[in-house]
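The listed protein sequences derive, respectively, from chains A and B. Residue numbers are given in this note's numbering: position 200 of the first sequence equals residue 218, and the series is strictly consecutive. Residue numbers are given in this note's numbering: position 2 of the second sequence equals residue 20, and the series is strictly consecutive. In this text, a Cβ means the ideal position worked out from N, Cα and C, and glycines have one as well. These figures come from a predicted structure and were not determined experimentally.
2 protein chains.
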Amino acid sequence: MLSWIDGRPAELLSVRDRGLAYGDGLFETIAVSGGRPALLERHLARLAEGCVRLQLPLEATSLRNELLAFSQQLGEGVAKLILTRGDGLRGYAPPQPAMTRRLLLGGPKPAYPSQHAEQGVHLFPCATRLAEQPLLAGLKHLNRLEQVLARGEWQDDEHAEGLMLDAAGRVIEGVFSNLFLFKDGTLLTADLSRCGVAGVMRAELLAQAATLGMACEVRDLDLAELLGADEVFMCNSLYGVWPVRRLRDRDWPVGPLTRKLQAIARDLLDC
Amino acid sequence: MLSWIDGRPAELLSVRDRGLAYGDGLFETIAVSGGRPALLERHLARLAEGCVRLQLPLEATSLRNELLAFSQQLGEGVAKLILTRGDGLRGYAPPQPAMTRRLLLGGPKPAYPSQHAEQGVHLFPCATRLAEQPLLAGLKHLNRLEQVLARGEWQDDEHAEGLMLDAAGRVIEGVFSNLFLFKDGTLLTADLSRCGVAGVMRAELLAQAATLGMACEVRDLDLAELLGADEVFMCNSLYGVWPVRRLRDRDWPVGPLTRKLQAIARDLLDC
């Protein structure tokens, strides 16, 4: 499978990379169609914010060019971009000057059943809670053990995604998706300033919904509010939008507002 | 530098390793003297507990033999053992069956100034707080961005270690050490069931102190209790014990009980 390290074909990485040692880095998972990366500007913007917050040097222009060249070569699939703080000596102290290492890994698009998008999905209620860490909240960093534990909670095919709460019981997101709900015509999604990953599709749908004149709110949500929603859906930058049909014994129909945003997401990913 | 992957010399790792992708794994940092790993049983015990909690398969006997052979070859220095969940497809779901990958990295012993042990150290008061995640608390897992951020808070040589609190303000540990204090002859260290790394030297010193007839308590500690302590020290499995002399404007002497435990730690590491 296609993979580059610092712009050159390579399948192997130094065992002393700090991405391995500490999860000291960031990643993006980017849909590629017709040789072009979807939602490129949003992926680059999130990465730039992550680099500021982790104090990782970023050469944005050369990274963009590299991503474009990689996508061209990949053609169709998923480009996973990983930035790490490069090789480390022993110890947590960030090396000075820091060297950012770039990895690009190509793969096929995930083979999700088409029913997920068409008929909607059931959510598994994960027992794993997200810890509150405002310094890392929102970032797609390499410390993802909570997601590994949560995704390990179910093996059946009935549940396409899981619902994750924070330690205080707030509704935050899916294991690999963000969550939205509609209530009385207003689009709602969780505030991610304490935990969670601020997905690029989430950002894009919020922007598009506002453009369409929909009322949008980003704030704390509790389980009662989720269960009282008129429509619920999950989203990410690979599959677009999945309507949510069931959580435990609560059923939802696939609503018209969800379908509207799903069509927008589909257009964005068929770039 | 000496490094093995799954028992064979190798300096390079698959870019698709889940240790890199998600920090999906554990590590131990083991002092090696005269070809022998110090505190081996405690390192293996912590690793075994981590493997149970992360559901990583572990062949304990062959791992022990590999560590012994690696230490023999290393002679003097530090052996860093990393276990990861091996290569992943895309997605958080743990592969079934899981394959545990073993990495062993050799390096020199850290060159800490001898004054740290002899005269004691100053602690930097870290602003980075530890998030509460009971599912991961105590483990030495590969999700260590909090420590990277905390260690990045100071560059001066005045502070040899930092003090980390949890989000609620409890005193937990150092960035790469555990913290102990003595108050009225009782040895106290933080409860690590919400966050923190349960160090092998911490476990060993607790056991040895109990054998010596010292009263020991593992429980929540707040900053006032730390500041009111008679003696304070840090410990880990590489340097042993460092007396703490200062935190902000609070000064401590190097006390006799700290010296007693320091001597025990020194004996353990000169194995």
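| request: Return helix, strand or coil for Leu-148/B, following the three-state DSSP convention. | output: strand
Query - CB contact flag (Arg-108/A, Pro-128/B, <8 Å) - result: Closer than 8 Å, so yes.
Check: chain B beta carbons: is any one of them nearer than 8 Å to that of Lys-201/A?
Finding: No - not a single Cβ of chain B is within 8 Å of the one on Lys-201/A.
- Query: To which residues of the same chain is Pro-115/B closer than 8 Å at the C-beta, ignoring the five residues directly before and after it?
  - Reply: Only Pro-75 meet the Cβ criterion.
*asked:* To be precise: take each residue of the segment 133-144 of chain A, compare its Cβ to all Cβ atoms of chain B, and keep it if any distance is under 7 Å. Which residues remain?
replied: none
Review point. What separation, rounded to the nearest whole angstrom, lies between the Cα atoms of Tyr-257/A and Ser-21/A?
Key: 22 Å
Report the rounded CA-to-CA distance for Glu-29/B versus Arg-36/B, giving the unit in angstroms. 17 Å
Review point. What does Phe-194/B touch in chain A if you count any residue whose Cβ is under 9 Å from its own?
Key: What Phe-194/B touches in chain A: Gly-109 and Tyr-110.
Just curious, the beta strand (DSSP E) that Glu-94/B is in, first and last residue? Here Glu-94/B belongs to no beta strand (DSSP E), and DSSP marks it neither H nor E.
If the cut is a Cβ gap below 7 Å, which residues of chain B does Pro-27/A touch? By Cβ distance, chain B contributes nothing, its closest Cβ being about 11 Å from Pro-27/A, past 7 Å.
How far does the alpha helix (DSSP H) with Leu-244/A in it extend, from its first residue to its last? 241-245
Problem set entry | Secondary structure of Ala-78/B, DSSP reduced to three states | helix
Tell me the DSSP secondary structure of Met-252/A in three-state form. It is a strand residue.
Please list, in chain order, the chain A residues whose beta carbon lies closer than 9 Å to that of Asp-35/B. Leu-31 and Leu-38
- Query: Listed from N- to C-terminal order along the chain, which residues in the segment 160-194 of chain A have their beta-carbon within a distance smaller than 8 Å of any beta-carbon of chain B?
  - Reply: Leu-160, Asn-161, Arg-162, Leu-163, Glu-164, Gln-165, Val-166, Leu-167, Ala-168, Arg-169, Gly-170, Gln-173, Ala-185, Val-193 and Phe-194
* How is Arg-120/A classed by DSSP in three states: helix, strand or coil? -> strand
Please name the residue, chosen from Leu-148/A, Gly-68/A, Val-96/A and Arg-60/A, that lies closest to Leu-167/B on a Cα-to-Cα basis. Nearest C-alpha to Leu-167/B: Gly-68/A.
message = Residues in the same chain with beta-carbon distance under 6 Å from His-159/A, minus the five sequence neighbours each way, listed in chain order, please.
response = Leu-44
| said: Below 7 Å on C-beta distance, what does Ala-149/A contact in chain B? | reply: In chain order: Ala-149, Glu-150 and Gln-151.
query = Along chain B, which residues have their Cβ under 9 Å away from the Cβ of Gln-73/A?
reply = Leu-167 and Gly-170
Open item on the list: Measuring straight from C-alpha to C-alpha, what distance separates Val-70/A and Gly-41/B?
Closed with: 21 Å
Kindly give me the distance between the Cβ atoms of Gly-124/B and Glu-84/B, rounded to whole angstroms, as I take these residues to be in contact under 8 Å. 13 Å between Cβ atoms; not a contact.
* What is the DSSP secondary structure of Phe-200/B, reduced to helix, strand or coil? -> In the structure shown, Phe-200/B sits in a strand (DSSP, three-state: E or B).
- Message: Please classify Ser-132/B as buried or exposed, where buried requires at least 16 neighbouring CB atoms within 10 angstroms.
- Response: exposed
Please report how far the alpha carbon of Leu-86/B lies from the alpha carbon of Asp-184/A, in whole angstroms.
Spanning the alpha carbons of Leu-86/B and Asp-184/A requires a straight line of approximately 42 Å.
Note down, in chain order, all residues in the segment 87-102 of chain A with a beta-carbon under 9 Å from any beta-carbon belonging to chain B. Hits within the stretch, in order: Val-96, Lys-98, Ile-100 and Thr-102.
Practice item. List the residues of chain A that Pro-128/B touches, going by C-beta distances under 8 Å, in chain order. Key: Arg-108 and Gly-109
When burial is assigned at 16 or more other CB atoms within 10 Å of the CB, is Ala-78/B buried or exposed? exposed
* Examine chain A for any beta-carbon lying closer than 8 Å to the beta-carbon of Ile-23/B, and answer yes or no. => Judged by the 8 Å Cβ criterion, Ile-23/B is in contact with chain A.
| Residues of its chain near Gly-217/A, where Cβ-Cβ distance is below 6 Å and the 5 sequence neighbours each way are ignored | Asn-196 and Asn-254
(request) Using a Cβ cut-off of 8 Å (strictly closer), state whether Leu-85/A contacts chain B. (result) no
Review point. In terms of residue numbering, what span does the alpha helix (DSSP H) encompassing Cys-69/B cover?
Key: 58-72
Q: Could you pull the start and end residues of the alpha helix (DSSP H) that Asp-286/B belongs to?
A: The sequence as given places Leu at residue 286/B; Asp does not occur at that position. 274-287 is the span of the alpha helix (DSSP H), which, as asked, contains Leu-286/B.
>> How far does the beta strand (DSSP E) with His-134/A in it extend, from its first residue to its last?
In response: Unbroken run through His-134/A is the alpha helix (DSSP H), 132-137; no beta strand (DSSP E).
Please list, in chain order, the chain C residues whose beta carbon lies closer than 7 Å to that of Gly-41/A. Among the chains of the structure shown, chain C does not appear; the protein chains present are A and B.
**Asked** Going by the CB atoms, is the gap between Leu-205/B and Ala-225/B shorter than 8 Å?
**Response** no
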